[in-house]
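Student:
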Amino acid sequence: MVVGELTQERDLLILGGGPAGYTAAIRASQLGRKVTLIEQAQLGGLCLNKGCIPSKVVAHAAEVKQQMNHLTALGFSIEPTHDFNQLVKYRDGIVHQLRTGVEALCQANAIEYIQGTASFLADDRIGVEQGHQFDTYRFNDVVIATGSHSLQQTSPLLLNAEQLYQLTDLPDRLVIIGQDYIAIEAAMSFQALGTQVTLIADAFQLDPSLDKELRRLFKKQKIRLVTGIVTAIETTDEVTVTVVKEGQETTWTAPFLFHSLPRIPNTLELGLERIGVTMAEDGTIPVDPFGQTSRSHIYAIGDVTPGPPLATRAIHEAKRTAEQLAGQSPDPTMPYYPTVIRSLPPIVSIGLTEQAATDAGHAVRVGQFALNANGATTIEAGSGFVKVVTDATTSLLLGVHMIGEGSVELAGTFAQALEMAAKEEDVRFPVMPHPSRNEAWTEAIESLVGQAIHLSPRQQAILTKS
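Below, the structure is given as structure tokens:
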């Protein structure tokens, strides 16, 4: 190994080039810091290259495949065959396009990019290994944004999330264990593309109305939903999973098993223990609202900190921390993070569920509007609903939950309303385009007081709670 002769001086180092890292790098550069970004693999991180983006390409393909069933009603004659190899090429092309875009943005913002593996040598110095080359850098501030990884399984038949979305052939059968958004997305996407999916899960930690609708959709889409306790996983030529429920044992076999497990923060090889940075037992790094660790010039953001491993959280924290490091005064308030599931149709949940609002002591009022009463959704043969939870005493909006096409795009509207502490009247007042799914959002609010135009009095009486 060739060791650099001199320690090089740098201003702000960012460790990790995923959504958290490159966002922090660009924002800090915009605000005047001299930024060096260090990434051991590829810019864009796991999210862009193997996680968020590849999974959404597959979800998009599944959505288009499902929409083909509607084309006949519109007068089109299309044979719904599918070439998974072509989808793989498209997936890889999209990943390359987006990664190239991130590289160009870093260059345009005068960010120094170093590819290598970084570790701390002292509380103001890191070493970076690049093949046979090892260089050291002294810094003023550093941001740890090294992300997280899935547990590596013991057999090639046992897949983690990244491996699932790097498959080059579509399996004829797939067993999934998990009840989070990744498991739900994978089940619906692969089933729509032609895989027979068995999903082993009990509860989905969603609002009860969403949970009920989700189970109905699993049945409609012919996804086998199995509840119970997994007692054994065996691998031979295929994977066999044994499930026990109420004393009854069943087995499920497939070429692959995807087990959606908690992610592991990428912190253990950074050498944080030698510089006195406080760490939690699970490997995460406790931070203050601005990302500052127990050492004042060392910051951490994204999956390496306590909280849900979501790119949305990582991006928000990256901007806030970069602004703090540039001498600004960002708002330390914890924002509303929407739960988004790219299912068929997609699901969005933000703020308090009905039960959580009740448990928090609110006088809860609930309104719900069915999307089959919405003109835009009916035109596209869609379904689902918008559910709103408010405080009956103050009329403050507490939570919004939606399942149906357009929910992902409306999530930003829901988040903005919650961030602004909107009341029922604030949502009712703006004029929405017609026909559009935005109108369902308004009518869900109107249903709180029995005034939704496109629901009968009887329907509103059933769906509204106060």
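My numbering puts the first residue of the sequence shown at 17, with every later residue one more than the last. A virtual CB, placed ideally from N, CA and C, is assigned to each residue, including glycine.
1) Along the chain, where does the alpha helix (DSSP H) containing Val320 start, and where does it finish?
2) Using DSSP's beta-bridge definition, name the partner residues of Val255.
3) Rounded to whole angstroms, what is the Cα-Cα separation between Pro362 and Glu396?
4) Using only alpha-carbon positions, find the residue among Arg381, Leu62, Glu254 that is nearest to Ala327.
5) If we count the other Cβ atoms within 10 Å of its Cβ and call it buried at 16 or more, is Val447 buried or exposed?
6) Within the same chain, show all residues whose beta-carbon is closer than 8 Å to that of Arg444, passing over the 5 residues directly before and after it, in chain order.
7) Where do the ends of the alpha helix (DSSP H) carrying Gly117 lie?
8) Give the straight-line distance between the Cα atoms of Leu368 and Leu414, rounded to the nearest whole angstrom.
9) What are the partner residues of Ser135, as DSSP defines its beta bridges?
10) Which of the three DSSP states is assigned to His165 in this structure?
11) Would you check if there are 3 or more beta carbon pairs closer than 8 Å linking the stretch 28-35 to the stretch 58-73?
12) Among residues of its own chain, excluding the 5 on either side of His378, which ones have a beta-carbon nearer than 7 Å to its beta-carbon?
13) According to DSSP, is Tyr129 part of a helix, a strand, or is it coil?
14) Straight-line CA distance for Ile110 to Glu265?
15) How many whole angstroms separate the CB atoms of Arg26 and Phe136, which I take to be in contact at a CB cut-off of 8 Å?
16) Among Arg311, Ile357, Glu95, Val257, which has the Cα closest to the Cα of Ala202?
17) Give me, in chain order, the residues of the same chain whose beta-carbon lies closer than 6 Å to that of Trp268; leave out the 5 immediate sequence neighbours on both sides.
18) Return the CA-CA distance between Arg232 and Leu90, expressed in angstroms with no decimal places.
19) Do Lys81 and Leu209 have their beta-carbon atoms positioned less than 8 Å apart in this structure?
20) Could you pull out every unbroken alpha helix (DSSP H) segment of at least 4 residues lying fully inside the stretch 395-435, listed in chain order?
21) How many angstroms separate the CA atom of Asn85 from the CA atom of Val303?
22) Would you kindly work out how many angstroms separate the C-alpha atoms of Glu440 and Asn454, rounded to a whole number?
23) Find the nearest neighbour of Leu464 within the set Pro449, Lys481, Pro451, Ser472, judged by alpha-carbon distance.
24) On the three-state DSSP scale, how would you describe Phe150?
25) CA-CA distance, Thr349 and Ala376?
26) Would the beta-carbon of Ala338 fall within 8 Å of that of Leu47?
27) Can you grab the Cα-Cα spacing for the pair Arg240 / Ala199, in whole Å?
28) In terms of residue numbering, what span does the beta strand (DSSP E) encompassing Asp157 cover?
29) The alpha helix (DSSP H) spanning Ala330 covers which residue range?
30) Give the DSSP-derived three-state secondary structure of Phe385 in the structure shown.
Tutor: With the given structure in hand:
1) The residue you call residue 320 lines up with position 304 of the sequence shown. Element bounds for Val320: n/a, residue is neither H nor E.
2) Here residue 255 is taken as the residue at index 239 of the sequence shown, counted from 1. According to DSSP, which records beta bridges pairwise, Val255 is partnered with Thr251, Ala270.
3) Locating residue 362 in the sequence shown gives position 346, where the first residue counts as 1. Locating residue 396 in the sequence shown gives position 380, where the first residue counts as 1. Rounded to whole angstroms, Pro362 to Glu396 spans 15 Å at the Cα level.
4) What you label residue 327 is simply residue 311 of the sequence shown in a count that begins at 1. For the residues Arg381, Leu62, Glu254, the minimum Cα distance to Ala327 belongs to Leu62.
5) Stepping through the sequence shown from its first residue, residue 447 is reached at position 431. Its Cβ having fewer than 16 others within 10 Å, Val447 is exposed.
6) Within the sequence shown, residue 444 is the residue found at index 428, counting from 1. Excluding residues within five positions, the ones whose Cβ falls inside 8 Å are Thr458, Ile461, Glu462.
7) Numbered from its first residue, the sequence shown carries residue 117 at position 101. Taken as a continuous stretch (DSSP letters only), the alpha helix (DSSP H) holding Gly117 covers 100-124.
8) To locate residue 368, count along the sequence shown from 1; it is residue 352. To locate residue 414, count along the sequence shown from 1; it is residue 398. If you take the alpha carbons of Leu368 and Leu414, they lie about 6 Å apart.
9) Here residue 135 is taken as the residue at index 119 of the sequence shown, counted from 1. Ser135 is bridged to Gly143.
10) Start at 1 with the first residue of the sequence shown, and residue 165 comes out as number 149. Strand at His165.
11) yes
12) Start at 1 with the first residue of the sequence shown, and residue 378 comes out as number 362. Same-chain partners within the cutoff: Asp407, Leu414.
13) Reading the sequence shown from its first residue, position 113 is the one you call residue 129. DSSP places Tyr129 in strand when its eight states are reduced to three.
14) The residue given as residue 110 occupies position 94 in the sequence shown. The residue given as residue 265 occupies position 249 in the sequence shown. C-alpha separation (whole angstroms): 43 Å.
15) Residue 26 sits at position 10 when you count from the first residue of the sequence shown. Residue 136 sits at position 120 when you count from the first residue of the sequence shown. Contact doesn't hold; Cβ gap of about 14 Å is too wide.
16) What you label residue 202 is simply residue 186 of the sequence shown in a count that begins at 1. Closest option to Ala202, Cα to Cα, is Ile357.
17) Position 252 of the sequence shown, counted from the start, is the residue given in the question as residue 268. So the list reads Val191, Thr214, Val257, once near-sequence residues are dropped.
18) Along the sequence shown, one-based indexing puts residue 232 at 216. Along the sequence shown, one-based indexing puts residue 90 at 74. Going by the C-alpha atoms only, they are around 26 Å apart.
19) On the sequence shown, residue 209 is found 193 positions in, with the first residue counted as 1. On the sequence shown, residue 81 is found 65 positions in, with the first residue counted as 1. It is a contact, given that the beta carbons lie within the stated cut-off.
20) 423-435
21) For the purposes of this step, residue 85 is taken as residue 69 along the sequence shown, with counting starting at 1. For the purposes of this step, residue 303 is taken as residue 287 along the sequence shown, with counting starting at 1. Approximately 49 Å between the Cα atoms of the pair.
22) Reading the sequence shown from its first residue, position 424 is the one you call residue 440. Reading the sequence shown from its first residue, position 438 is the one you call residue 454. Between Glu440 and Asn454, the C-alpha separation is close to 15 Å.
23) As a first step, residue 464 must be located in the sequence shown, where it is residue number 448. Of the listed residues, the one whose Cα sits closest to Leu464 is Lys481.
24) Position 134 of the sequence shown, counted from the first residue, corresponds to residue 150. DSSP places Phe150 in strand when its eight states are reduced to three.
25) As a first step, residue 349 is located in the sequence shown; it is residue number 333 there, counting from the start. As a first step, residue 376 is located in the sequence shown; it is residue number 360 there, counting from the start. C-alpha separation (whole angstroms): 19 Å.
26) On the sequence shown, position 322 is the one that residue 338 refers to. On the sequence shown, position 31 is the one that residue 47 refers to. Yes, the Cβ-Cβ distance between Ala338 and Leu47 is below 8 Å.
27) In the sequence shown, the residue the question calls residue 240 occupies position 224. In the sequence shown, the residue the question calls residue 199 occupies position 183. Spanning the two alpha carbons is a distance of roughly 13 Å.
28) To locate residue 157, count along the sequence shown from 1; it is residue 141. Here the beta strand (DSSP E) through Asp157 covers 157-160.
29) Taking the first residue of the sequence shown as 1, we reach residue 330 at position 314. Run containing Ala330: 327-341, per the alpha helix (DSSP H) assignment.
30) Residue mapping note: residue 385 aligns to position 369 of the sequence shown, counting from 1. Three-state DSSP puts Phe385 in a strand.
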